[in-house]
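J.: Sequential numbering of the sequence shown, starting at 3, is according to my numbering. Note that the Cβ used here is the ideal one computed from N, Cα and C, for glycine as well. No experiment lies behind these values; they were computed from the predicted model shown. What follows is a structure written as structure tokens; I'll ask about it next.
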Amino acid sequence: MIPLFKVFIPDEASEAVVRTLKSGYVTQGPRVEEFEYLLRGFLDVAHVLTVNSATSGLQLACHLAGLGPGTYAISTPMTCTATNTAILSTGASILWADVDPNTGNITPESIAQVLAQHRNTKVIKAVMCVDWAGLPCDYDAIFGVTSERGVKIIRDAAHAWGAKYRESLVPSEVDYTVYSFQAIKHLTTVDGGVLVCASNADHNRGKKLRWYGIDRDLPKQDMRCEMDVVEPGWKYHMNDWNATLGITQMAHTEKIIEAHIDNGTFYDDWFTIYSASDVPVNYVNLNHYQPSYWIYTILLDDPEGLKIHLADNHIQASKVHSPNHTHTMLTHVEDKDAVPGVELFYARQLNIPCGWWVTKDDRVNIATAVNEFVRR
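This is the structure we're talking about:
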């Protein structure tokens with residue numbers, strides 16, 4: 003079976019992790035600092051905040067954006083439940099925006115419609131954008147419809163490590179970007195993530211909040227227990243064990259991303275040239291985007307049939323996530339029926355293996371199996 007996901011652990015990780023475990027310092031310490039230094043260089047940003055999960059990073063971003071009881075965030079149902087759980091954890095409520103049925107990404111037009119509809123009735127603080135499968139949303143256009151209202155843009159880039167928008171890994175229009183380093187992502191620390199804040203003030207505040215609200219940059223006195231805590235926070239920081247694994251990954255991350263992109267662009271070309279017309283390609287003709295192809299999404303009328311056909315050919319495929327507005331915890335959200343793009347995208351989408359482990363022979367076999375099903 004060619005798997006949809008596979009964990010990449012470099013050979014040198016074991017020895018490096020053992021050194022850290024025996025160092026006597028396993029919580030947030032020198033390895034976290036080293037990992038953050040490498041992340042800043044890779045992302046070309048001034049500040050990063052590593053966290054114990056991307057979910058924690060999203061929750062921090064929501065809090066920093068001003069979400070709380072009596073406020074609202076515009077979001078998409080087409081994502082992992084962690085995305086919208088982060089909003090609900092602040093006490094805020096959600097207003098659904100729709101997605102492009104060809105890409106699964108939230109649309110600027112739908113965001114603008116929600117903002118206009120609730121201009122005088124809702125305190126909308128943020129919009130949550132998800133880069134489905136590693137394809138960036140249209141952040142220029144989203145900023146264009148949110149900036150006048152002072153609405154913050156939170157980017158859930160859990161799928162999109164290495165994806166570029168206008169040649170940048172972290173779009174300047176975005177207030178908060180959160181990457182996931184969970185086990186099956188492009189880069190893994192087993193569990194973990196990183197939050198990038200556009201403003202220094204948000205970064206400095208977030209740095210305290212990820213450690214209970216304690217300012218760890220102040221000179222250490224008696225185990226920091228006597229320090230005044232101005233604002234309550236959480237225990238969201240990364241530890242040196244996870245950071246050590248991340249450090250070993252950084253030497254390989256560009257090659258991992260390149261392998262995903264190489265497989266993804268192969269599918270782009272293959273399905274453009276050889277497939278029947280009802281297998282559209284999501285990623286071509288996007289001049290200022292470079293998707294990172296965490297997975298490769300294809301659209302057709304019988305995705306369940308294709309899934310079975312691929313399994314018969316020893317290829318794993320999946321829808322990966324289901325629309326959040328169908329979950330009991332979110333059935334109370336207003337406008338839950340106003341997302342026809344989500345319904346259409348989910349009904350037609352299926353994801354095939356695209357990662358670093360997919361060989362050139364594998365990808366030909368996968369693409370051929372898709373064609374066989376579509377044309378029969």
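1. Taking 8 Å as the cut-off, decide whether the C-beta atoms of L247 and G59 are in contact.
2. Considering just the uninterrupted stretch of the beta strand (DSSP E) at C139, what are its terminal residues?
3. Quick check: what's the CA-CA separation for V147 versus D219?
4. How long is the line joining the alpha carbons of Y319 and Y348, rounded to whole angstroms?
5. Where do the ends of the beta strand (DSSP E) carrying R151 lie?
6. DSSP puts R21 in a beta bridge; with which residues?
7. Between the Cα of I259 and the Cα atoms of W236, N244, W296 and H290, which residue gives the shortest distance?
8. So, helix, strand or coil for T52, using DSSP?
9. Over what stretch of residues does the alpha helix (DSSP H) that includes T274 continue unbroken?
10. Shorter than 8 Å from the beta carbon of I96 to some beta carbon of chain C?
11. Could you tell me the distance, in whole angstroms, from the CA atom of D242 to the CA atom of A371?
12. Closer than 8 Å is the cut-off here; do at least three beta carbon pairs connect the segment 308-319 with the segment 3-20?
13. Which residues mark the beginning and the end of the alpha helix (DSSP H) in which M130 is found?
14. Of all the options Y181, V360 and L137, which has the alpha carbon lying nearest to the alpha carbon of A261?
15. Go through its chain and collect everything with a Cβ distance to S182's Cβ below 7 Å, but skip five positions before and after it.
16. What residue range is occupied by the uninterrupted beta strand (DSSP E) comprising T190?
17. Are the segment 82-96 and the segment 206-214 touching by the rule of at least three beta carbon pairs closer than 8 Å?
18. Which same chain residues, not among the five before or five after H329, have their C-beta less than 7 Å away from its C-beta?
19. Helix or strand or just coil, what does DSSP make of S242?
20. Quick one: give me the first and last residue of the beta strand (DSSP E) that G195 is part of.
21. Using CA coordinates, which residue listed in D158, V335 and T190 is at the minimum distance from A135?
22. Measure the Cβ-Cβ separation of N367 and V322 and say whether it is below 8 Å.
23. Could you check whether the segment 248-256 touches the segment 113-132, counting it as contact only if at least three pairs of C-beta atoms, one from each stretch, sit closer than 8 Å?
24. Do H49 and H205 count as a contact pair if the criterion is CB distance below 8 Å?
25. Report buried or exposed for S279, applying the criterion of at least 16 other Cβ atoms within 10 angstroms of its Cβ.
26. Which two residues bound the contiguous alpha helix (DSSP H) that contains I11?
27. Are at least three pairs of beta-carbons, each pair with one atom in the segment 139-146 and one in the segment 183-194, less than 8 Å apart?
28. Quick check: what's the CA-CA separation for E36 versus P342?
29. Do the CB positions of N326 and T81 come within less than 8 Å of each other?
T.: Quick look at the numbers:
1. no
2. Segment: none, C139 is in no beta strand (DSSP E) and carries neither H nor E.
3. 38 Å
4. Note that residue 319 corresponds to Ala in the displayed sequence, not to Tyr. Spanning the two alpha carbons is a distance of roughly 14 Å.
5. Here R151 belongs to no beta strand (DSSP E), and DSSP marks it neither H nor E.
6. Bridge partners of R21: none, in fact.
7. W296
8. strand
9. T255 to Y276
10. In the structure shown, chain C cannot be found, because there is only a single protein chain.
11. 44 Å
12. yes
13. Premise fails: M130 lies in the beta strand (DSSP E), I126 to V132, not in any alpha helix (DSSP H).
14. V360
15. A56, A160 and G195
16. Where T190 is concerned, there is no enclosing beta strand (DSSP E), given that its DSSP letter is neither H nor E.
17. no
18. T83
19. Looking at the sequence provided, one finds Asp at residue 242 rather than Ser. DSSP places D242 in helix when its eight states are reduced to three.
20. G195 to C199
21. D158
22. no
23. no
24. yes
25. Because the pLDDT of S279 is 48, which lies under 50, any placement of that residue in the model is unreliable, and the question is left without a value.
26. Element bounds for I11: n/a, residue is neither H nor E.
27. no
28. 46 Å
29. yes
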